[in-house]
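Q: The structure's right below; bear with me while I get my questions together.
Residue numbers (our numbering): 1012 to 1208.
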């Protein structure tokens, strides 16, 4: 498994109340990926939500951009211990997307171009807590940061904000995705340091 890293220049500032335990501040936007960066053309991108009975709803890029778009200003925290404060994103809320889906599922498995997966309980995706983001800092999301679109779940460690996202599979019981199968915590709350199993 190849891991590409860039921008791990960080500094500690324990006095900032927005900094979870064990984290360091960075002004850069470090890159950490398992495997090569997928190059996904928006003309071929789709986002699909499949519920536990097998029914699905999908959006093309053009259809996705016609949905209500939100500006999101938030802090992000990586399990590798960096935190970046005051980040700016644009995307579509999972609340908006889930209006088109009937489900009693407990969790979702995010599926991504390139084969990556991660699990997220539905309660962490709904209630204004997550988005499918396509812009960062006023610019289209760069492929190394998950463009054209990534999941944004900022209250959890950043591996849960799956890059190159292409859909959600709704599941009755929470199950581990890629990093969770390799020892990362099933939930990933930075405030309680849910880093590993």
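Every residue gets a Cβ at the ideal spot worked out from N, C-alpha and C, and that includes glycine. What you are looking at is a predicted structure, and each value in this text was computed from that prediction instead of being measured.
Identify the residues that DSSP records as bridge partners of residue 1093: which are they?
A: Start at 1 with the first residue of the chain shown, and residue 1093 comes out as number 82. DSSP output for residue 1093 lists 1035 as bridge partner(s).
Q: Using 8 Å as the cut-off, can you tell me whether the stretch 1097-1108 makes contact with the stretch 1132-1146, which would need three or more C-beta pairs spanning the two stretches below that distance?
A: With the cut-off at 8 Å, the stretch 1097-1108 and the stretch 1132-1146 touch.
Q: Tell me the residue span of the beta strand (DSSP E) that contains residue 1180.
A: Taking the chain shown and counting its residues from 1, one reaches residue 1180 at position 169. Per DSSP, residue 1180 belongs to the beta strand (DSSP E) from 1176-1182.
Q: Only counting runs of 4 or more residues, tell me where the alpha helix (DSSP H) segments fall wholly within the stretch 1100-1156, in order along the chain.
A: With a minimum length of 4 residues, the continuous alpha helix (DSSP H) runs that stay inside the stretch 1100-1156 are 1105-1109 and 1133-1136.
Q: Assuming the contact rule is C-beta atoms closer than 8 Å, residue 1158 and residue 1151 should be a hit. Round their C-beta distance to whole Å, please.
A: Residue numbering aside, residue 1158 sits at position 147 when the chain shown is read from its first letter. Residue numbering aside, residue 1151 sits at position 140 when the chain shown is read from its first letter. Residue 1158 to residue 1151, Cβ: 6 Å. Contact.
Q: Pairing CB atoms from the stretch 1123-1134 with CB atoms from the stretch 1078-1085, are three or more of them under 8 Å?
A: Taking 8 Å as the limit for Cβ pairs, the verdict is that the stretch 1078-1085 does not touch the stretch 1123-1134.
Q: Rank 1199, 1165 and 1124 by C-alpha distance to the C-alpha of residue 1097 and give the top, closest one.
A: Your numbering for residue 1097 matches position 86 in the chain shown. Considering only alpha carbons, the answer is 1165.
Q: Please report how far the alpha carbon of residue 1199 lies from the alpha carbon of residue 1117, in whole angstroms.
A: Taking the chain shown and counting its residues from 1, the one referred to as residue 1199 is at position 188. Taking the chain shown and counting its residues from 1, the one referred to as residue 1117 is at position 106. The alpha-carbon atoms of residue 1199 and residue 1117 are separated by roughly 16 Å.
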